[in-house]
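Asks:
In my numbering, the protein residues as written are 1 to 247.
1) What does the alpha-carbon distance come out to for the pair residue 178 and residue 194?
2) Should residue 174 go down as buried or exposed, given a rule of 16 or more other Cβ atoms within 10 Å for buried?
3) Going by beta carbon distance, what residues of the same chain come within less than 6 Å of residue 37, once the five residues before and after it are set aside?
4) Opposite residue 45 in the DSSP bridges: which residues?
5) Should residue 152 go down as buried or exposed, given a rule of 16 or more other Cβ atoms within 10 Å for buried?
6) Can you tell me whether DSSP reads residue 80 as helix, strand or coil?
7) Could you check the C-alpha separation between residue 84 and residue 137 for me, to the nearest Å?
8) Spatial neighbours of residue 224 within its chain, please: C-beta separation below 6 Å, excluding the five flanking residues on both sides.
9) Which class does residue 70 belong to by DSSP, given the choice of helix, strand or coil?
10) Just reading off the beta strand (DSSP E) that residue 146 is part of, what are its end residues?
11) Measure the CB-CB distance between residue 33 and residue 188 and report whether it falls below 8 Å.
12) CA-CA distance, residue 139 and residue 115?
13) Specify the secondary structure class of residue 75 as computed by DSSP and reduced to three states.
14) So what's residue 17 in DSSP terms, helix, strand or just coil?
15) Note down, one range per segment and in chain order, each beta strand (DSSP E) of at least 3 residues found wholly within the segment 193 to 229.
16) Report the residue from 127, 42, 26 whose alpha carbon sits nearest the alpha carbon of residue 58.
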């Protein structure tokens, strides 16, 4: 199973003239099953909670791991953490990826005052620096995980769209998110009425890989992300996250 797409699943979007609502909970944990080629390939746990820093009140933690046959063939155990300010602008990201024999750690700092993003990627297995660089950014920028929560505060109706600056620390781009038709979705958590959103994150926007990213949010005040799907090239296939439980 390709491991990189597991970390590319979260999505982004942004407010322009689109009305916003304060729908985010003070604390939340979402559990997902990850399906690849019609088999259960992994599990994901996504936490939204208050951070201990007064100027950076929000923290997102994600844990991804492979399961079953996929885990026997290629074990994946990744962790991602982001700190956001009150406006949901990202201030820092830390990621650890343990995929097969590879062990890497990535740190990204977004300095809103200097308008710079510093990216550092380390190979912990070889104790070496893989990449260290700095890029210019706007005062407010969103990482690809924090954007999922930003999307939930927007009131994008079908046929509406928005664009925002998004950065992975190595590149910055204006990413379009587009609200598409309403759909009924069934997941292990139950049946939901949703709106589907297409996020133009791939195809050399932020990520070079050709792919399509869709997310289904419940059509209510909660705007729960009940399904996320990445359609990759045929040789890799489609990866789908479905909500199993939320707390």
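Just so you know, even glycine gets a beta-carbon here, dropped at the ideal spot from N, CA and C.
Replies: Taking the structure as given:
1) 14 Å
2) exposed
3) 237
4) 31, 63
5) buried
6) strand
7) 16 Å
8) 218
9) helix
10) Element bounds for residue 146: not the beta strand (DSSP E) but the alpha helix (DSSP H), 146 to 151.
11) yes
12) 6 Å
13) coil
14) In this prediction, residue 17 scores a pLDDT of 42, lower than 50, which makes its location untrustworthy; no coordinate-derived value is stated.
15) 211 to 218
16) 26
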